[in-house]
Amino acid sequence: MPINWVALIVFVAFFGFVTFLGFAAAHWRRGDLDLLHEWGLAGGRFGTLITWFLLGGDVYTAYTFIAVPALAFGSGALAFFAVPYTIIVYPFVFMVFPRLWSVAKRHGYITAADFVRGRYGNKWLALAVALTGIVATMPYIALQLVGIQVVIAAMGIESTGWFGDLPLVIAFVVLAAFTYTSGLRAPAAIAIVKDLMIYITVAAVVIIVPLQLGGYAKIFGAVPPQKLILPPPPPGSLGAYSTYATLALGSALALFLYPHTITGVLSSSSRHVIRRNAALLPAYTFLLGLIALLGFIAIAAGVGDMPQYKPFFAQYKANFAVPALLLNQFPAWFVGFAFAAIGIGALVPAAIMSIAASNLWTRNIYKEFFNPSCTPKQEAQMAKWVSLIVKFGALVFVLGLSSQYAIYLQLLGGVWIIQTLPAVVLGLYTRWLNQWALLIGWAAGIVSGTWMAASVNFAAAFPLRIGGLTAPGYIAVWTLILNLIVTVVLTAIFTALGAAKPRDETAAADYV
Amino acid sequence: MSDDRNGSGRGSWAYWLLLIPFIALLWVPSYNAVEPRWHGIPFFYWYQFLWVFISSGLTAFVYFVTERK
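Printed below as a string of structure tokens:
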């Protein structure tokens, strides 16, 4: 395929614009960027609207935009678990996360591990939470690169060899530079542009393409009947039903435990901002449902069988469904606009993720274990450097290894991060749980989750056998249950043995 | 101080409403069907889209009932 110059010029123009915006953001709601709280949380000054854009840009990433329709294109109805997932997550956020915001505000916490440290007075438990966050975030950043890679290839740029890696390297140098300079203000500013572009792109596709193809009845008619809804479970098994429900529940419980989403929550200016956003963020859920439908629209358009896209589908599999659909149905200038939306959609979460990971490293590992007496300026400087290292680590990972590893690790990341739920979420309500019991429960969840994932060749679902019944389900949910049982039972035992409780620096009034 | 604390204060009964989306959406067999269609869209899809609005509306309702004046 020759280089699509029109699309490429539009793409580069938008990329240039957001790069400018990223650097200019340093001056927005000005604060002292030599303080970690200013660089890494933008001073906690974001109101309802900015938080809405920031969390929207944070949660609905470039990879989402490519992978959810790819799953619909390949597997059908199962991909729609993304909709119940991103519906039920918000009542959960509404109940739980204002409490985290309040206690963090009172004590100057900037990470979940900070809270765990203060609540349980145990630096090893805090270390476990911090390491889980960093390790779960790294492959997530790498996956954002996969999103950019697909659209760059779709514009006809040879994606192999030294020259082929160049666009990706440039995109990441730009990203690294403005994150270093502006901190969290950069992705917040860019998120506004990115979200508007995504809304325009999706609206255009879900309105114009069905008109071209003869309506939604035709589109759903083109989906093979066995993929249109979930297959009924075979006898003795809960089949796709338990898979679908646990994928939705586990993903929802895990989402706001990720460092990048917690960073988004803590950067808001009040607990009311979080509560309001829990009611307003479902607008993105509606958008995500439409994005999932793009997979079906791609089936109806028949792009999978068109000879000009064959080599791309061979290389990128179903991930090429959305780029192929856009190329096939729209003029080149709009393709450039839509691809820029996807590319910029990678920059926002990648920036927030690298900031969140460096906040964890700096606060909960560097300051805790290596340099307890560091000055606020040293702390902020350390975080800025680490944000660079994290991003280049992700870049080397994607260029050096197969992106398939990033996908496997991202899946494991969800299983790992959910194991911090007892310490973080239950910790917001009670101090009853013993700190060592939490740490052992966490370890049990991590080890069993990794084993389960490996045993099913890194699929998301594990067929759990309960008596004569098979319940295939999301590994994160099964292992969270194990984690909770271990934590509660050991807490009861340790308490009965008279285990000491370190001082809790928080008080009940700090949470409301 | 305590109006919007869970379990006590004004309107705290309303928090129970937030369980409804969980029940409706995690009970998958209740909506895994093609019929009735709506403008050619199978039930499975339009029903879940509908819940985006119901859940958002419930959350907004609970917000207004429990928010301190």
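Which chain is which? The protein sequence lines are U and R, in order.
Quick note on the numbering used here: the first sequence kicks off at 1 and runs consecutively.
Quick note on the numbering used here: the second sequence kicks off at 1 and runs consecutively.
Beta carbons are placed, not taken as given, at the ideal position from N, Cα and C, and that holds for glycine.
Please read these numbers as outputs of a predicted model, since none were measured by experiment.
- Of all residues in the segment 274-287 of chain U, only R275, R276, A278, A279, P282, T285, F286 come within less than 7 Å of chain R when Cβ atoms are compared, listed by chain position.
- Listed along the chain, the chain U residues whose CB falls inside 7 Å of the CB of S56(R) are A279, P282.
- By the Cβ test, the segment 352-364 of chain U is not in contact with the segment 95-104 of chain U, since fewer than three Cβ pairs between them sit closer than 8 Å.
- Contacts with chain U at 8 Å (Cβ-Cβ) do not include G11(R).
- Using a Cβ-Cβ cut-off of 8 Å, Y474(U) does not count as an interface residue toward chain R, since no Cβ of chain R sits closer than that to its own.
- Remark: fewer than three beta-carbon pairs, one from each stretch, lie closer than 8 Å, so the segment 487-496 of chain U and the segment 17-37 of chain R are not flagged as touching.
- The Cβ atoms of L469(U) and W478(U) do not sit closer than 8 Å to each other.
- For W46(R), the secondary structure class from DSSP, reduced to helix, strand or coil, is helix.
- With contacts defined as CB atoms closer than 8 Å, A476(U) and V415(U) qualify as a contacting pair.
- Not a single C-beta of chain R is nearer than 8 Å to the C-beta of P187(U).
- Listed along chain U, the residues sitting closer than 7 Å to P42(R) by beta-carbon distance are F220, L228, I229.
- Shown here for R106(U): same chain residues with a beta carbon closer than 8 Å to its own, the five before and five after excluded, namely T506, D510 in chain order.
- Non-local beta-carbon contacts of S182(U) in its own chain, meaning distances under 7 Å to residues more than five positions away in sequence, involve G22, F23, A25, A26 in chain order.
- With contacts defined by Cβ atoms closer than 8 Å, A222(U) and L327(U) do not form a contacting pair.
- C-alpha of P331(U) to C-alpha of F163(U): approximately 27 Å in a straight line.
- Taking 8 Å as the threshold, the shortest C-beta distance from F80(U) to chain R falls below it.
- Identification of chain R residues near P234(U) by a Cβ-Cβ cut-off of 8 Å yields none; the smallest Cβ-Cβ distance measures about 14 Å.
- Beta-bridge partners assigned by DSSP to S270(U): none are found.
- Segment contact: the segment 329-344 of chain U against the segment 196-205 of chain U, three or more CB-CB distances shorter than 8 Å; contact assigned.
- Neighbourhood of A14(R) in chain U, by CB distance below 9 Å: empty, with the nearest CB roughly 11 Å away.
- Distances from the CA of L281(U) to each of L41(U), I9(U), G57(U) were compared; the closest alpha carbon is that of G57(U).
- When C-beta atoms of the segment 38-47 of chain R are compared with those of the segment 497-505 of chain U, fewer than three pairs fall below 8 Å, so the two segments do not count as touching.
- Its chain contains L54, A188, S267, S268, S269, V273 as the residues whose beta carbon lies nearer than 8 Å to that of F46(U), once the 5 sequence neighbours on both sides are disregarded; these appear in chain order.
- DSSP places Y216(U) inside the alpha helix (DSSP H), whose first and last residues are 216-222.
- Here DSSP, grouped into helix, strand and coil, assigns P376(U) to helix.
- Taking the C-beta atoms as reference points, L18(R) is found nearer than 8 Å to M95(U).
- When DSSP states are grouped into helix, strand and coil, G133(U) belongs to the helix group.
- For P36(R), not one C-beta of chain U is nearer than 8 Å to its own C-beta.
- When the Cα atoms are used, F14(U) and V174(U) turn out to be separated by approximately 13 Å.
- The beta carbon of V512(U) sits closer than 8 Å to the beta carbons of R99, S102 from its chain, once the five residues preceding and following it are set aside; these are given in chain order.
- Of V348(U), V205(U), L184(U), the smallest CA-CA separation from R30(U) is found for L184(U).
- Between A496(U) and R431(U), the alpha-carbon positions lie close to 16 Å from each other.
- Sixteen is the threshold: when 16 or more other Cβ atoms of the shown chains lie within 10 Å of the Cβ of N483(U), as they do, the residue is buried.
- Listed in chain order, the non-local C-beta contacts of D195(U) below 7 Å within the same chain comprise F53, G56, G57, local neighbours out to five positions each way being set aside.
- Within the same chain, Cβ atoms closer than 8 Å to the Cβ of P376(U) are found at D34, L35, L36, the five residues on either side in sequence being excluded.
- When C-beta atoms of the segment 309-324 of chain U are compared with those of the segment 111-122 of chain U, fewer than three pairs fall below 8 Å, so the two segments do not count as touching.
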